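Chains as they are written, first to last, in my numbering: chain A, 1 to 262; chain B, 263 to 539.
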Amino acid sequence: MARASMYHRLVVWLLLLVLVLPLAATLLYSLATQWSASLLPAGLTFDWYLRLWSEPRFLAAFGRSLLVCAGALAFACLLVLPAMFVIAYHFPRLDAVMNVLILLPFAVPPVVSSVGLLQLFAGGPLALVGTPWILIGCYFTIALPFLYRALTNNLQAIELRDLMDAAHLLGASTFRAALSVVLPNLRKGLVVAVLLSFSFLIGEFVFANLLVGTRYETLQVYLNNMRNGSGHFTSALVISYFMVVLLVTWAANRLNRDPSSS
Amino acid sequence: MKHRYWALLLLLPFILFFAVFQLVPLAWIMVASFVTVDGEWGLSNYRDVLDSPFYLQAIRYSLEISLWSSLLGLAIAVIGVQSLRQVDSRLRDMVISFTNMTSNFAGVPLAFAFIILLGFNGTLTLLLKQLGVIEDFNLYTKGGLILIYTYFQIPLGVLLLYPAFDALRDDWRESAALLGAGPLRYWRHIALPVLTPALLGTFVILLANALGAYATVYALTTGNFNVVPVRIAALVAGDIYLDPNLASALAMLLVALMAVITVVHQWLLKRSYHGKG
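Right under this line is the structure:
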């Protein structure tokens, strides 16, 4: 038995090692003064981070990414929440249709959608290519399956019908009941879903690069454009990006586990 | 009753925006792929793709990289999850959380991290060379791409498979052992048949994930490696030669490939142990 448990521990640590390795190398590289043709860096420094965080182009790209992601998520919530409520309360049978629809953003790779989007929004009344607005629209579709699934699970857990009946008995309109009874009950699930969606939206590159590129340079596009610069500088950028993702997912997990915050 | 139809109005903005950013672009590709250079209906775009050694090579590379990275990723995930379920909960929770985070580590940042680790002057490349384990390693080849794709398949595989292992009950292993079955026979006759649907489903998702992946290979090779997503992007946003209709045909072929995989998956599921029950 002891030998078996040794084996399992070894496998798990190996798995962890494989997953950590690229990140650890990047972290060390971002802290190195110089590191070439030797096993370990010549010296350690925080210089690359200082340089990165005082670089106006990086700060601008980071700000744009935050803005686009936050905008897309706010927009997605605005569209998805009422739609979900109407489906759950009035037309439960539409849920099956929705479950098929939300498979599309999963099944169709962004590079495929981009072909159509580029032609449709290149000119005419909806000349959105090259503007952040098209990213907000596209990110809404990427976040949708995730938001919908997460919120459906939450809605099923709260006995929607009983809550609504109680609110109606007390004289609230359907609108008022949805807003001040159902919504607060969904708050925690919503915040967690939004945070997790944010963590993958900020890493989105395909739409950002193909539809907008340098005309509204977001974080990932900036990172890609820095490819010919110093490897230490881009490493500091990669680690900074990963730290933001780490922070957001950590907050989401904390919130998810903490029973008192609901 | 009237109330219900008013409620339907609330669905409209959602449907409208979903159509504009998801359904219409897809429909546009479908239509455009059948429009020839002269503006007439025809199959010439598809013929151009299937007659061109260049595009056929892209399809073959895409399939090879996706297939191998999915198989390797799945195998590593199975071995990993199997062990994860046997270790103490502190280590397990730590590894699961970390896996969750690395599932976001893909695309451009991942490509850069791999260049630092395994590029021509990568840390690991140098270490392995000094130890005499390898002669040379080129990350920018098919083998290198399979490696980096496998890396981003592992977290996805682990996260998808972990809940599926709930289906395996501990007492089955004990019963099998009591009846004289070793670990190999237990896996062959009990665990694998029970897990087959989950394994197939995960494999299909990994395959689709790899087939559609663009950011990683683009960032790693600046679009110089010939796979389908890179070709599609070059045809609509490249700087040499643009042909959106040809890009549409290529995109439709990619979607068709995924559809075929899904159909085969469904067919296999029906034939499997669970489908018969």
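No residue lacks a Cβ here, since even glycine has one placed at the ideal position from N, Cα and C.
What you are looking at is a predicted structure, and each value in this text was computed from that prediction instead of being measured.
TODO: Report buried or exposed for A/Asn-99, applying the criterion of at least 16 other Cβ atoms within 10 angstroms of its Cβ.
DONE: With fewer than 16 Cβ atoms within 10 Å of its Cβ, A/Asn-99 is classed as exposed.
Task: Cβ-Cβ separation, A/Ser-199 to A/Val-129 (assumed contact under 8 Å), whole Å - done: Not quite, the Cβ-Cβ distance comes to about 26 Å (not below 8 Å), so this is no contact.
TODO: In angstroms with no decimal places, state the Cα-to-Cα distance between A/Val-68 and B/Phe-367.
DONE: Their backbone Cα atoms lie some 20 Å apart in a straight line.
Open item on the list: Quick check on B/Arg-266: buried or exposed, where buried means 16 or more other Cβ atoms within 10 Å of its Cβ?
Closed with: Exposed, because fewer than 16 other Cβ atoms sit within 10 Å of the Cβ of B/Arg-266.
- [ ] Give the straight-line distance between the Cα atoms of A/Ala-167 and A/Ser-173, rounded to the nearest whole angstrom.
- [x] A direct Cα-Cα distance of roughly 8 Å separates A/Ala-167 from A/Ser-173.
Open item on the list: Excluding the 5 residues flanking A/Pro-110 on each side, which residues of the same chain have their C-beta closer than 7 Å to its C-beta?
Closed with: So the qualifying residues of the chain are Val-206 and Phe-207.
Task: Buried or exposed by the 16-neighbour rule on C-beta atoms within 10 Å, applied to A/Thr-214 - done: Around the beta carbon of A/Thr-214, a 10 Å sphere encloses fewer than 16 other beta carbons of the protein chains shown; the residue is thus reported as exposed.
- [ ] Work out the CA separation of A/Pro-132 and A/Ser-262 for me, nearest whole Å.
- [x] Since pLDDT at A/Ser-262 reaches only 45, below the 50 mark, its modelled position is unreliable, and the value read off the structure follows with that caveat. Each residue's CA atom was taken as its position, placing A/Ser-262 and A/Pro-132 some 34 Å apart.
TODO: Note down, one range per segment and in chain order, each alpha helix (DSSP H) of at least 4 residues found wholly within the segment 430-484 of chain B.
DONE: Restricted to the segment 430-484 of chain B, the alpha helix (DSSP H) segments that are unbroken, complete and at least 4 residues in length are 432-440, 445-448, 454-474 and 477-483, listed in chain order.
Open item on the list: Can you look up A/Trp-35 in the DSSP assignment and give me helix, strand or coil?
Closed with: Of the three classes helix, strand and coil, the one that applies to A/Trp-35 here is coil, per DSSP.
Task: Whole-angstrom distance between B/Leu-372 and B/Gly-419, CA atom to CA atom - done: About 17 Å.
Task: Neighbourhood of B/Gly-342 by C-beta, 6 Å cutoff - its chain only, sequence neighbours within 5 removed - done: Setting aside the 5 residues that flank it on each side, B/Gly-342 is surrounded in the same chain by Val-420, each with a C-beta closer than 6 Å to its C-beta; the list follows chain order.
Task: Own chain partners of B/Val-311 with C-beta closer than 6 Å, once the 5 adjacent residues on each side are dropped - done: Around B/Val-311, the same chain offers Tyr-317, Ala-511 and Leu-512 as residues with beta carbons nearer than 6 Å, after the five sequence neighbours per side are excluded.
Open item on the list: Residues of the segment 413-426 of chain B in Cβ contact with chain A at a cutoff of 9 Å, in chain order, please.
Closed with: Look at the segment 413-426 of chain B: the residues with a C-beta under 9 Å from a C-beta of chain A are Tyr-413, Ile-416, Pro-417 and Val-420.
- [ ] Evaluate the contact criterion for the segment 273-281 of chain B versus the segment 477-486 of chain B: three or more CB pairs, one atom per stretch, below 8 Å.
- [x] No: fewer than three Cβ pairs fall under 8 Å.
Open item on the list: By the three-class DSSP mapping on this structure, what secondary structure does B/Val-420 have?
Closed with: Three-state result, B/Val-420: helix.
- [ ] Could you name each continuous alpha helix (DSSP H) segment of 4 residues or more that falls completely within the segment 265-337 of chain B, going from the start of the chain to the end?
- [x] Within the segment 265-337 of chain B, the complete alpha helix (DSSP H) runs of at least 4 residues are 274-280, 286-294 and 306-313.
Task: Neighbour-count burial assignment, B/Ser-332, 16 or more Cβ in a 10 Å radius - done: Around the beta carbon of B/Ser-332, a 10 Å sphere encloses 16 or more other beta carbons of the protein chains shown; the residue is thus reported as buried.
Open item on the list: For A/Trp-35, count the other beta carbons within 10 Å of its own beta carbon; 16 or more makes it buried, fewer makes it exposed. Which is it?
Closed with: The residue is buried, with at least 16 neighbouring Cβ atoms inside 10 Å.
TODO: Kindly give me the distance between the Cβ atoms of A/His-232 and A/Ala-25, rounded to whole angstroms, as I take these residues to be in contact under 8 Å.
DONE: The C-beta distance from A/His-232 to A/Ala-25 rounds to 12 Å, too long to meet the 8 Å contact threshold.
Task: Sequence-distant residues of the same chain with beta carbon closer than 6 Å to B/Gly-485, five excluded per side - done: Hits under 6 Å: Val-492.
Open item on the list: Measuring CB atoms only, is the segment 438-450 of chain B touching the segment 71-85 of chain A, in the sense that at least three cross pairs come out at less than 8 Å?
Closed with: Touching, no.
Task: Three-state secondary structure (DSSP) of A/Leu-155 - done: DSSP places A/Leu-155 in helix when its eight states are reduced to three.
- [ ] Spell out whether any CB of chain B is found under 8 Å from the CB atom of A/Trp-53.
- [x] It does not; no Cβ of chain B falls within 8 Å.
Open item on the list: Please list, in chain order, the residues of the segment 457-471 of chain B that have any C-beta partner in chain A closer than 8 Å.
Closed with: Taking 8 Å as the Cβ-Cβ cut-off against chain A, the residues of the segment 457-471 of chain B that qualify are Ala-470.
Task: Cβ distance (whole Å) where B/Met-377 is taken to contact B/Leu-401 below 8 Å - done: For the sequence presented, residue 377 of chain B should be read as Ile rather than Met. Contact flag correct, Cβ pair sits at about 7 Å.
Task: Residues near A/Gln-220 in its chain [Cβ-Cβ closer than 7 Å; skip 5 each side] - done: Only Gly-203, Glu-204, Phe-205 and Ala-208 meet the Cβ criterion.
- [ ] Please name the residue or residues paired with A/Leu-44 in a DSSP beta bridge.
- [x] Looking at the DSSP assignment, A/Leu-44 forms a beta bridge with A/Ala-32.
Task: Neighbour list for B/Phe-376 in chain A, Cβ cutoff strictly below 7 Å - done: For B/Phe-376, the C-beta contacts it makes with chain A under 7 Å involve Pro-22, in order along the chain.
Task: Beta carbon proximity, A/Asn-224 to chain B, threshold 8 Å - done: Chain B, which has a Cβ nearer than 8 Å to the Cβ of A/Asn-224, makes this yes.
Open item on the list: Does the CB of A/Gly-116 have a neighbour CB from chain B at under 8 Å?
Closed with: Using a Cβ-Cβ cut-off of 8 Å, A/Gly-116 counts as an interface residue toward chain B, since at least one Cβ of chain B sits closer than that to its own.
Open item on the list: Between which residues of its own chain and B/Ser-328 is the CB-CB distance below 7 Å, once the five residues before and five after are set aside?
Closed with: So the qualifying residues of the chain are Leu-469, Ala-472 and Leu-473.
- [ ] Could you check what DSSP says for A/Tyr-216 in three-state terms: helix, strand or coil?
- [x] The DSSP-derived three-state label of A/Tyr-216 is helix.
Open item on the list: For B/Gly-539 and B/Trp-529, what's the separation of their Cα atoms in angstroms?
Closed with: Confidence at B/Gly-539 is low in this model, with a pLDDT of 44, below 50, so the placement of that residue is unreliable and no value is reported for it.
- [ ] Helix, strand or coil for A/Asn-256, going by three-state DSSP, please let me know.
- [x] When DSSP states are grouped into helix, strand and coil, A/Asn-256 belongs to the helix group.
Open item on the list: If we define contact as Cβ-Cβ less than 8 Å, is B/Gly-539 a contact residue for chain A?
Closed with: For B/Gly-539, the predicted model reports a pLDDT of 44, less than 50, meaning its position is unreliable; a value from the coordinates is still stated below. B/Gly-539 does not count as touching chain A.
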